[in-house]
Amino acid sequence: VGSEMCIRDRDIVLQPSDITITGLDLHDQVIDIDARVEGPVKTIMSVLDTPRLGYARKVGLVPDRMSGRAAARLRFGFSLLAELPFEAVRMGVEGTLSDVGIGGVKPGYDLAGTDARLTLDKAGMTLAGKGQVNTVPVAFSWHEAFDDSAVQTRVSAQASLTPAAREALKIPAIGPVDGTIGTDLDYAKRSGGMATLDAKLDLTEARIAIDPIGWVKPTGGRANATVSLALAGERVSKVSQFSVSGGDIT
12 VGSEMCIRDR DIVLQPSDIT ITGLDLHDQV IDIDARVEGP VKTIMSVLDT
62 PRLGYARKVG LVPDRMSGRA AARLRFGFSL LAELPFEAVR MGVEGTLSDV
112 GIGGVKPGYD LAGTDARLTL DKAGMTLAGK GQVNTVPVAF SWHEAFDDSA
162 VQTRVSAQAS LTPAAREALK IPAIGPVDGT IGTDLDYAKR SGGMATLDAK
212 LDLTEARIAI DPIGWVKPTG GRANATVSLA LAGERVSKVS QFSVSGGDIT
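Residue numbering for the sequence shown follows my numbering, starting at 12 and increasing by one per position.
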């Protein structure tokens, strides 16, 4: 792995690292590699996307669409056998990503200015940090499981959604709601394909007016809402729960 990285990716800087071989007096020897690297996110993700790894593809990332810098610690351990299956290789990655951009992270959505921490091993990947989605500041945590965990994908995100931010994120206008909505989202996709979206909304800085029934929540009045949705693909199949509470709702 180290030889391939050095030959193919000359823009990666290899920091002082450790290579340890044990069991020299035994039939099978074990090598442990603890390498520290720095370089463009695009290049490091390309290394992690080589055919026997394929981690970028597993989570739907395209290295060529990525920009920014990364510093990572790569750890590998394996027996020095002539024909070693990849399943017998121990590996782990810990890194920090700086000013990362991903063009078209989803159709119509670009990620920019992202600073995040990455942890990755053969069981899953976690990416957590802050960035901008279509210029809207967002704090997020994304976990992707590579094993048979019940929840395969979990994404949480927090953002303050002004009317301009909702337009940038292509969120349809919410008829009776005007102003800023504090948003805390949790998306989970299970191994069978079912998905849920839970939202906690801070409506304090929003004005809500349902004129036909004379129901008004003024701007600055304390109010919260919770919504739980069941999803089929990108379609809402069921509203499992919806509630609004607050002492200033009249």
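Each residue gets a CB set at the ideal place from its N, CA and C atoms; glycine is no exception.
Check whether the region 77-91 and the region 38-45 are in contact - that is, three or more C-beta pairs closer than 8 Å. Pairwise C-beta distances place the region 77-91 in contact with the region 38-45, as three or more of them are shorter than 8 Å.
At least 3 beta-carbon pairs within less than 8 Å: the region 118-129 vs the region 155-171: They do not touch, by the three-pair rule.
Using C-beta distances below 6 Å, list every residue in its chain close to A262, excluding the 5 sequence neighbours before and after it, in chain order. Residue 262 lies beyond the stretch modelled for the chain, which goes from 12 to 261, so this question has no answer here.
Suppose contacts are defined by Cβ-Cβ distances below 9 Å. Is A241 in contact with V255 by that definition? Stepping through the sequence shown from its first residue, residue 241 is reached at position 230. Stepping through the sequence shown from its first residue, residue 255 is reached at position 244. Result no, Cβ atoms of A241 and V255 do not sit closer than 9 Å.
Please say whether I192 and D213 have beta carbons closer to each other than 9 Å? Along the sequence shown, one-based indexing puts residue 213 at 202. Along the sequence shown, one-based indexing puts residue 192 at 181. A contact, by the Cβ cut-off of 9 Å.
Out of R68, T61, G106, L64, which has the shortest C-alpha to C-alpha gap to M82? The residue given as residue 82 occupies position 71 in the sequence shown. The residue asked about is misnamed: residue 82 is Ala in this sequence, not Met. Put simply, of R68, T61, G106, L64 the residue whose alpha carbon is nearest the alpha carbon of A82 is G106.
I'd like the span of the alpha helix (DSSP H) that includes R233, first residue to last. Walking along the sequence shown from the start, residue 233 turns up at place 222. Boundaries cannot be given for R233, as no alpha helix (DSSP H) includes it and DSSP labels it neither H nor E.
Closest Cα partner of T146 within the set E155, V73, G119: Taking the first residue of the sequence shown as 1, we reach residue 146 at position 135. The candidate whose alpha carbon is nearest that of T146 is G119.
Limits of the alpha helix (DSSP H) - the one that V58 falls within: The count along the sequence shown starts at 1 and reaches residue 58 at position 47. Per DSSP, V58 is one residue of the alpha helix (DSSP H) stretching across 52-58.
Residue environment, M136, which counts as buried when at least 16 other CB atoms sit within 10 Å: Within the sequence shown, numbered from 1, the residue matching residue 136 stands at position 125. Residue burial is scored here from C-beta neighbours: M136 has at least 16 other C-beta atoms within 10 angstroms and is therefore classed as buried.
Three-state class that DSSP yields for I23 in the structure shown: By 1-based counting over the sequence shown, the position of residue 23 is 12. Reduced to three states, the DSSP call for I23 is coil.
Could you check how far apart the C-beta atoms of E69 and E155 are, in whole angstroms? I think they sit under 8 Å. Here residue 69 is taken as the residue at index 58 of the sequence shown, counted from 1. Here residue 155 is taken as the residue at index 144 of the sequence shown, counted from 1. Note on identity: in this sequence residue 69 is Lys, with Glu being the wrong assignment. Going by Cβ atoms, the distance from K69 to E155 rounds to 7 Å, so yes, they are a contact pair.
When L72, Q26, R218 are compared against D263, the one with the closest alpha-carbon: For the chain, the structure presents residues 12 to 261; residue 263 sits outside this window and is missing.
For A179, three-class secondary structure by DSSP: Looking up residue 179 in the sequence shown gives position 168. The three-state reading of DSSP puts A179 in helix, counting H, G and I together.
In the DSSP output, which residue or residues are listed as bridge partners for D197? As a position in the sequence shown, residue 197 is number 186, starting the count at 1. Paired residues: S167, D209.
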